[in-house]
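In UniProt numbering, the protein residues as written are 37 to 521. Worksheet for the structure shown next.
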Ligand code: ADP
């Protein structure tokens, strides 16, 4: 299927260090598989300490020149990169579906979404402003500059193989930082193809490096290096905590996008079609494998029956299969561990009184396909309500009052995205303000965009990505006091 690529030069299997494509120093490789078929797509350089150290020193050397360009000059490179990503979106989407499994249409959507961060930050970096502050002593003048922090280590997951990279690399490069990226070992091909396009756009050697292979070795090299000034990570809460702890020794700035446990609250006064469509999208996008996927669907008693019936009907219409095939809306899960997690959470729920309304088992397509599933009679103490499912399982919980819904929704250590469905304007405000989450969708199940701040509270993370605030993560303030004028 790789032969479907129009530009076979986008299939890269080496790391990118100082502008050169490089094998692992010991020649080792690892296999990248297609989760829909199990076939091996490519053998990719399996890198570790030594390659990471070289990538960091190349990023560090390049920082002195890249950071001195004007924002407008850097912006031209990024704009070119954006154009190339869009020009090659079909190839990038095919690579993404092959290694990640998501339906081709969703992959195409991710290329546009991923590329939009490059475009947005190319523009936004021209609007980095400092301050002039009124002095407290008459013969002084006080200024604040905002300068790029330095070399950034970016570690990204497999569920959005392009967008999680561009959301970090876009603002980092735009603000004048240089980067070492470690994509997920499940999905390096999209990342490497996008990197080839960055080279073609003329982004200078060393500004943008990519290493992959031994995740903990690469991560530790980044953490230990005093040259790396910032770690930005999207992935599991457990790994995020490790990186945060590991950053303490050299006091790195840290941004984390970690796990969610999104409540999707459907009130009695909701517009049923909008609620069904929104919860379906929030739950089943990417086969449930996003950190903002609805993890618990809370439905008020008065609308429960009607909503559940309509929702189950909509889930029945989802088509499971190889994402390269026409009309498929649900691809495979990324790997066997993910299927086993879904099975463990469903079994726990069933043993505690939940009921399967639809699905509830592996799909007869085999591999890592799992049936789109709806459970009812779920309560907030079951594991499925405590952990992030990251699969196509929708647990329905019922509640009586608005206060109950808020209490249940907030009863978790995560706080990334929440969704509410209601036609009451006052309730929209009340509930949005009461939810301990970084993002709230009202009557909308898909809310991410490059122009709005994405991020969580509580144990879902630190910092924001996208929007003008996304640049702050890569900038340091410098206060300058000019005296005796
Ligand atoms: P997921 O469940 O989404 O795979 P992970 O947190 O395991 O979440 O993975 C996200 C990213 O973190 C991947 O690129 C993975 O290789 C990387 N990673 C995993 N373990 C470590 C580690 N100890 N140090 C640095 N990166 C790691």
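Where is the CB? At the ideal position from N, CA and C, for every residue including glycine.
Residue 526, enclosing alpha helix (DSSP H) - first and last residue: The structure shown does not extend to residue 526, since the chain is modelled only from 37 through 521, so no value can be given for it.
Unbroken stretches of the alpha helix (DSSP H), 4 residues or longer, contained in the segment 249-276: Listed in chain order, the complete alpha helix (DSSP H) runs (minimum 4 residues) inside the segment 249-276 are 251-260.
For residue 193, the three-state DSSP class (helix, strand or coil): Note: residue 193 maps to coil in three-state DSSP.
Residue 136 - DSSP class collapsed to helix/strand/coil: In the structure shown, residue 136 sits in a helix (DSSP, three-state: H, G or I).
Option in 131, 184, 170 and 163 with minimal Cα separation from residue 197: Residue 197 has its Cα closest to that of 131, out of 131, 184, 170 and 163.
Residue 483 versus residue 477 - alpha carbon distance: Straight-line spacing of the CA atoms in residue 483 and residue 477 works out to 6 Å.
Residue 279 Cβ short of 7 Å to ligand 1 heavy atom set: Yes, ligand 1 has a heavy atom inside 7 Å of this Cβ.
Contact test: residue 252 Cβ vs ligand 1 heavy atom, cutoff 7 Å: Within 7 Å of the C-beta of residue 252 there is at least one heavy atom belonging to ligand 1.
Closer than 7 Å: residue 57 CB and nearest ligand 1 heavy atom: Because no heavy atom of ligand 1 lies under 7 Å away, the Cβ of residue 57 does not count as near it: no.
Member of 349, 125, 418 and 427 whose CA lies at the smallest distance from the CA of residue 370: The shortest Cα separation from residue 370 among 349, 125, 418 and 427 belongs to 427.
Any non-hydrogen atom of ligand 1 within 7 Å of residue 101 CB: No, the Cβ of residue 101 stays beyond 7 Å of every heavy atom of ligand 1.
heavy atom of ligand 1 below 7 Å from residue 272 C-beta: Within the cutoff, so yes.
Local Cβ density within 10 Å of residue 363, reported as buried at 16 or more and exposed below that: Exposed, because fewer than 16 other Cβ atoms sit within 10 Å of the Cβ of residue 363.
Own chain, CB closer than 8 Å to residue 86, minus 5 neighbours either side, in chain order: Around residue 86: 61.
Distance, residue 203 Cα to residue 472 Cα: The straight-line gap separating the alpha-carbon atoms of residue 472 and residue 203 is approximately 24 Å.
Distance cut-off 7 Å: residue 275 Cβ against heavy atoms of ligand 1: For ligand 1, a non-hydrogen atom lies closer than 7 Å to the CB of residue 275.
Among 388, 47 and 157, the one whose alpha carbon lies nearest that of residue 487: Taking each of 388, 47 and 157 in turn and checking the Cα distance to residue 487, the smallest one comes out for 157.
C-alpha distance - residue 253 paired with residue 84, whole-angstrom precision: Each residue's alpha carbon lies about 5 Å from the other.
Residue 127, buried or exposed, once every other Cβ within 10 Å from all chains shown has been counted against 16: So residue 127 counts as buried.
Opening and closing residue of the alpha helix (DSSP H) in which residue 479 lies: Neither: residue 479 is in no alpha helix (DSSP H) and is coded neither H nor E.
Selection from 214, 229 and 139 that minimises the alpha carbon distance to residue 101: When only C-alpha atoms are compared, the closest one is 214.
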